[in-house]
Amino acid sequence: MNTIKYEFNISGVNTFFEVDLERTLSLDIQGPDWTKLEYCQCSTCPLDLDKSTYCPAAYDMYKVAESFSDLLSIEMCEVKVISADRTYIKTCAAQEGLRSLFGVIMASSACPVLGRMKPMALQHLPFSNLNDTLVRLSGAYLITQYMKSQNGEEAQWDFNELMGYFRELSDINKQLMMRLGDVSNKDSVLNAIYSFVAFSELAEMTFDSLMNNLKAAYLDAF
115 MNTIKYEFNI SGVNTFFEVD LERTLSLDIQ GPDWTKLEYC QCSTCPLDLD
165 KSTYCPAAYD MYKVAESFSD LLSIEMCEVK VISADRTYIK TCAAQEGLRS
215 LFGVIMASSA CPVLGRMKPM ALQHLPFSNL NDTLVRLSGA YLITQYMKSQ
265 NGEEAQWDFN ELMGYFRELS DINKQLMMRL GDVSNKDSVL NAIYSFVAFS
315 ELAEMTFDSL MNNLKAAYLD AF
């Protein structure tokens, strides 16, 4: 089993979560109403309401969301992230720890759109910043294009498709915020998801500028 373990220590109280990166959508437990697909279904969602009861991402997130529904974003905590190869430990605001946990849950979910980031979940980098995410997502996109070219398919070496994907991500995260608003009494969960909205919109609007900032490091690297 390929798993990522998260441990939150908040004021001496430990809370544990384990994310199976190879999981399939298991409906052994009935999810709350806000996790159902018909509730705020995304405009780009390809899932059929007649075949899918739950939004895969919302269903996978609900236990974490409910556990932290009364937590403020600025509450400091120690977060330990354990994978098969390494362990990360960081003292940070709850919002940052939740953003990292939600990120790997969403990217490894059965959502057909978010699931396109599964390779990044398999190479999970906790607490990643804007540049980390931009480099990793752009790299994953280019690796996909290379694989397509090797398979005789047409590759898209510009980033136009990636710009469209950023727009899809923004829409999905806004819909997730609407869902999570029903369970959040404080702001840590919502602010964690809003950081994804901010990233996708900033990345789309300023992609060339962000890439230009990386030019000195990458232009003559190989």
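Numbering-wise, the sequence shown is residues 115 to 336 according to our numbering. Virtual Cβ for every residue (Gly too), placed ideally from N, Cα, C. From a predicted model like this one, the values you see are computed outputs, not experimental measurements.
If you reduce the DSSP assignment to three classes, tell me which class F131 lands in. By one-based count along the sequence shown, residue 131 stands at place 17. Collapsing the DSSP output to three states places F131 in a strand.
Is F241 helix, strand or coil when you go by DSSP? The sequence position of residue 241 within the sequence shown is 127, counting from 1. Three-state result, F241: coil.
Starting from the Cα of G253, find the closest Cα among L135, S314, L276 and give me that residue. Counted from its first residue, the sequence shown places residue 253 at position 139. For the residues L135, S314, L276, the minimum Cα distance to G253 belongs to L276.
Would you list the residues sitting across from V297 in a DSSP beta bridge? Position 183 of the sequence shown holds residue 297. Answer is none; V297 lacks a bridge partner.
Please return the same chain residues whose Cβ sits closer than 8 Å to the Cβ of T158, not counting the five positions on each side in sequence. Numbered from its first residue, the sequence shown carries residue 158 at position 44. In the same chain as T158, and ignoring 5 residues on each side of it, the C-beta atoms closer than 8 Å to its own belong to V227, E282, D285, I286, in chain order.
Give me the Cα-Cα distance between I184 and S223, rounded to the nearest whole angstrom. Position 70 of the sequence shown, counted from the first residue, corresponds to residue 184. Position 109 of the sequence shown, counted from the first residue, corresponds to residue 223. The sequence shown places Asp at residue 184, rather than the Ile named in the question. Cα-Cα distance, rounded: 25 Å.
Relative to the C-alpha of S127, which residue among T247, E189, L324, Y168 is closest? Reading the sequence shown from its first residue, position 13 is the one you call residue 127. According to the sequence shown, residue 127 is Val rather than Ser. The shortest C-alpha separation from V127 is found at E189.
What does DSSP give as the partner residue(s) for C225 in the beta ladder? Sequence index remark: in the sequence shown, residue 225 carries index 111 (1-based). For C225, which the question treats as bridged, DSSP gives no partner whatsoever.
For A207, which residues does DSSP report across the bridge? In the sequence shown, residue 207 corresponds to position 93, counting from 1. A207 pairs with M190.
Could you check if Y168 is buried or exposed, using at least 16 other CB atoms within 10 Å of its CB as the buried criterion? For this step, residue 168 is matched to residue 54 along the sequence shown. Burial call: buried.
CB of D174 within 8 Å of CB of I143, strictly: As a first step, residue 174 is located in the sequence shown; it is residue number 60 there, counting from the start. As a first step, residue 143 is located in the sequence shown; it is residue number 29 there, counting from the start. Not closer than 8 Å, so no.
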